[in-house]
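Peer 1:
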Amino acid sequence: MTPHDAALVDEGRRVLAAEAAAVAALAPRLDEAFARACRMIAEAPGRVVLSGIGKSGHIARKMAGTLTSTGTPATFMHAVEALHGDLGIVGSGDVAILVSRSGRGSEIGGLLGYLGRMNTPVIALTGDPQSDLARNADLVLDCTVDTEACPMDLTPTSSTTATLAMGDALAMVVLQLKGFKASDFASLHPGGSLGLKLTVRVSDVMIAEQYPWLPAGAAMRDTIVPLAELRGTVPILEADGTVAGIVTTGDLTRLMERDPDFLTRPVEDVMTRAPKTVSPDELGAVAVRRMESHGIMALPVVDEGNVLQGIVHLHDLLRSGAV
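See below:
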């Protein structure tokens, strides 16, 4: 890397560090106003109407998209167009979120006046808690930044990143308040790869019919053929059909290396007890994350009583488009 290129990389790192610091500084500021804002949005009988000007408008538009995609009807209203006919968007039962770095301007003032006459609650996301917007809003979320990442401290950079993060925090807490689930997300995103990831269930991919298993009293010699046929994982069951453990090809290999009498060893001495499992109704993507986080290639599929229903393999999930 040339000295010039190194300087460019250093400057890029400075910008990223500045914006990361701006986001991190928001967390200690969250207080009761944030909790009240989340409840206000979650309990609104109408929609959430977001508005802003310039870069703040872009952030407000993205916030509207995030809320809508996670089960909270929201719409963006341009602050200038609002004063020229678009105020009809605001209806009874709506909540307004106004985004403004400075919290000042004639458009903001006009919006506040109309929303006040409509008795529409206003949540302000602003970089100036003492601004006109903050003084007239019902709730204020402080998105102040010490300095922009812009080397001239002019271009909205750290401030827009911080405000965007605050909007994401609102949306993610609201979806939990409303009990929004992955299945709800899937119904709102039916198209493309994202829709596929959210519709593939373990039951769609697992091997269920006549899946071989071994009883807890089996010997290791009994595992050799099933391990070869079943891609390296064999469930071990109790008499009532519940999963007692699993034996893998790795278990067999390690046993062969240290015990010349490995064929006569009971599987109970070798198996992994209380293995990681998955239910048939869980998303395939959840099963993949579980396998990857624990470094395993297959999971027994069990019902609520831990009774074996089949097995699901990582490669099958990957081929299905679950991730």
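Taking our numbering, the leading residue of the sequence shown gets 726, the next gets one more, and so forth.
Built from N, CA and C at the ideal position, the CB exists for glycine as well.
#1: How far does the alpha helix (DSSP H) with Ile766 in it reach, from first residue to last?
#2: Excluding the 5 residues preceding and the 5 following Ser776 in the sequence, name in chain order all residues of the same chain whose CB lies nearer than 8 Å to its CB.
#3: Could you compute how far the alpha carbon of Met877 sits from the alpha carbon of Leu900?
#4: Within the continuous alpha helix (DSSP H) that includes Ile784, where are the two ends?
#5: Starting from Thr978, follow the alpha helix (DSSP H) in both directions and report where the run begins and ends.
#6: Could you give the DSSP three-state label for Ser1004: helix, strand or coil?
#7: Whole angstroms are fine: how far does the CA of Leu866 sit from the CA of Ala758?
#8: Under the rule that 16 or more other beta-carbon atoms within 10 Å means buried, what is Ile949, buried or exposed?
#9: Please return the same chain residues whose Cβ sits closer than 8 Å to the Cβ of Asp1006, not counting the five positions on each side in sequence.
#10: Among Ala964, Ser856, Ile932, Arg842, whose alpha-carbon lies nearest the alpha-carbon of Asn1031?
#11: From which residue to which residue does the beta strand (DSSP E) around Ile848 run?
#12: In three-state DSSP terms, what is Asp819?
#13: Looking only at its chain, what residues have a beta carbon closer than 7 Å to the beta carbon of Thr974, apart from the 5 residues adjacent to it on each side?
#14: Any chance you could list the beta strand (DSSP E) runs of at least 3 consecutive residues sitting entirely within the segment 727-757, in chain order?
#15: Can you give me the C-alpha to C-alpha distance between Leu980 and Pro991, rounded to a whole angstrom?
#16: Please work out which residues of its chain come closer than 7 Å, Cβ to Cβ, to Met843, disregarding the five sequence neighbours upstream and downstream, and give them in chain order.
#17: Cα-Cα, which of His1019, Leu939, Glu1017 is closest to Gly1035?
#18: Give the DSSP bridge partners of His1038, in chain order.
#19: Can you check which of these residues, Leu792, Ala859, Pro798, is closest to Asp893 by C-alpha distance?
#20: Taking only three categories from DSSP, how would you classify Gly1009?
#21: Quick one: what does DSSP say Ala944 is sitting in, helix, strand or coil?
#22: Give the DSSP-derived three-state secondary structure of Thr882 in the structure shown.
#23: Give me the Cα-Cα distance between Met788 and Lys780, rounded to the nearest whole angstrom.
#24: So does the segment 739-757 actually touch the segment 852-872, counting three or more Cβ pairs closer than 8 Å?
#25: Quick one, are the C-beta atoms of Asp819 and Thr845 less than 8 Å apart?
#26: Short of 6 Å in beta carbon distance, which residues of its chain neighbour Ala862, apart from the five on each side in sequence? Order them along the chain.
Peer 2: Well, looking at it:
#1: For the purposes of this step, residue 766 is taken as residue 41 along the sequence shown, with counting starting at 1. Counting along the chain, the unbroken alpha helix (DSSP H) around Ile766 starts and ends at 757-768.
#2: As a position in the sequence shown, residue 776 is number 51, starting the count at 1. Around Ser776: Gly782, Ala785, Phe801, Met802, His803, Ala804, Ala807, Ala821, Ile822, Leu823, Val824, Leu836.
#3: Reading the sequence shown from its first residue, position 152 is the one you call residue 877. Reading the sequence shown from its first residue, position 175 is the one you call residue 900. Roughly 38 Å separates the two Cα atoms.
#4: For this step, residue 784 is matched to residue 59 along the sequence shown. Taken as a continuous stretch (DSSP letters only), the alpha helix (DSSP H) holding Ile784 covers 780-794.
#5: Translated into positions along the sequence shown, residue 978 becomes position 253. 974-983 is the extent of the alpha helix (DSSP H) around Thr978.
#6: Residue numbering aside, residue 1004 sits at position 279 when the sequence shown is read from its first letter. Ser1004: coil per DSSP, three-state reduction.
#7: Against the sequence shown, residue 758 aligns to sequence position 33. Against the sequence shown, residue 866 aligns to sequence position 141. Near 7 Å, if we compare the C-alpha coordinates of Leu866 and Ala758.
#8: Position 224 of the sequence shown, counted from the start, is the residue given in the question as residue 949. The residue is exposed, with fewer than 16 neighbouring Cβ atoms inside 10 Å.
#9: Counted from its first residue, the sequence shown places residue 1006 at position 281. So the list reads Arg926, Val927, Ser928, once near-sequence residues are dropped.
#10: What you label residue 1031 is simply residue 306 of the sequence shown in a count that begins at 1. Nearest C-alpha to Asn1031: Ala964.
#11: Within the sequence shown, residue 848 is the residue found at index 123, counting from 1. For Ile848, the enclosing beta strand (DSSP E) starts and ends at 847-851.
#12: Against the sequence shown, residue 819 aligns to sequence position 94. Coil.
#13: By one-based count along the sequence shown, residue 974 stands at place 249. The answer, listed in chain order, is Leu952, Gly957.
#14: As far as the segment 727-757 is concerned, it has no whole beta strand (DSSP E) run of at least 3 residues.
#15: Translated into positions along the sequence shown, residue 980 becomes position 255. Translated into positions along the sequence shown, residue 991 becomes position 266. Taking the straight line from one Cα to the other gives about 11 Å.
#16: The sequence position of residue 843 within the sequence shown is 118, counting from 1. Cβ within range, chain order: Val815.
#17: For the purposes of this step, residue 1035 is taken as the residue at position 310 of the sequence shown. Selected option, being the one with the closest Cα: Leu939.
#18: Position 313 of the sequence shown holds residue 1038. Ala1023, per the DSSP bridge assignment.
#19: Walking along the sequence shown from the start, residue 893 turns up at place 168. Closest option to Asp893, Cα to Cα, is Leu792.
#20: In the sequence shown, counting from the first residue as 1, residue 1009 sits at position 284. It is helical.
#21: By one-based count along the sequence shown, residue 944 stands at place 219. Note: Ala944 maps to strand in three-state DSSP.
#22: The residue you call residue 882 lines up with position 157 of the sequence shown. Thr882 falls in the coil class under three-state DSSP.
#23: Residue 788 sits at position 63 when you count from the first residue of the sequence shown. Residue 780 sits at position 55 when you count from the first residue of the sequence shown. The alpha-carbon of Met788 is positioned some 13 Å away from that of Lys780.
#24: A contact is defined here as three or more CB-CB pairs under 8 Å, and the segment 739-757 meets this definition with respect to the segment 852-872.
#25: Numbered from its first residue, the sequence shown carries residue 819 at position 94. Numbered from its first residue, the sequence shown carries residue 845 at position 120. Cβ atoms of Asp819 and Thr845: closer than 8 Å.
#26: The residue labelled residue 862 in the question sits at position 137 within the sequence shown. Answer for Ala862: Val847, Ala849, listed in chain order.
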